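Down below is the structure, laid out as structure tokens.
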Amino acid sequence: MINIVLERKFEKIVYISCDYQTLARNIKLLSSHYDVEKVQPVDMFPNTYHVETIVLLKRKNIYEI
């Protein structure tokens, strides 16, 4: 899926994740072409350790890649 996203060259991506390990792995893969603009944790399940995370990614300037 990451390869498809990189091929499509989206200007911005809103990435929503419920698994911080997968999020970290995929952000690392995307970081060659995207910068993290904003990160927002969301506690949808109070009194548990589950946290949803919303990340806004913006495509890097073509000269930075």
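In terms of the numbering used here, the sequence shown opens at residue 264 and continues consecutively. Glycine residues also receive a C-beta, built at the ideal position from the N, C-alpha and C atoms. Nothing here was measured: the structure is a model prediction, and the numbers come from that model.
Expected contact under 8 Å - CB spacing of residue i and residue j to nearest Å
| i | j | result |
| --- | --- | --- |
| Thr311 | Tyr283 | In fact, because the Cβ distance is near 14 Å, the residues do not count as touching under 8 Å. |
| Lys323 | Asp306 | That belief does not hold up - the Cβ atoms of Lys323 and Asp306 are roughly 31 Å apart, past 8 Å. |
Assigned secondary structure, residue i (DSSP; H/G/I helix, E/B strand, else coil)
| i | result |
| --- | --- |
| Tyr297 | strand |
| Val314 | coil |
Neighbourhood of residue i by C-beta, 7 Å cutoff - its chain only, sequence neighbours within 5 removed
| i | result |
| --- | --- |
| Leu319 | Lys275, Val277, Glu300 and Lys301 |
| Ile325 | none |
Test item: CB-CB of residue i and residue j under 9 Å
| i | j | result |
| --- | --- | --- |
| Val268 | Leu293 | yes |
| Asn289 | Ser295 | no |
Neighbourhood of residue i by C-beta distance below 6 Å, restricted to the same chain and skipping five residues each side
| i | result |
| --- | --- |
| Asn304 | In the sequence under discussion, the amino acid at residue 304 is Pro, which differs from the Asn named in the question. So the qualifying residues of the chain are Val314 and Thr316. |
| Lys321 | Lys275, Asp298 and Glu300 |
Nonlocal neighbours in the same chain, by C-beta distance under 8 Å from residue i, ignoring five residues either side
| i | result |
| --- | --- |
| Lys291 | none |
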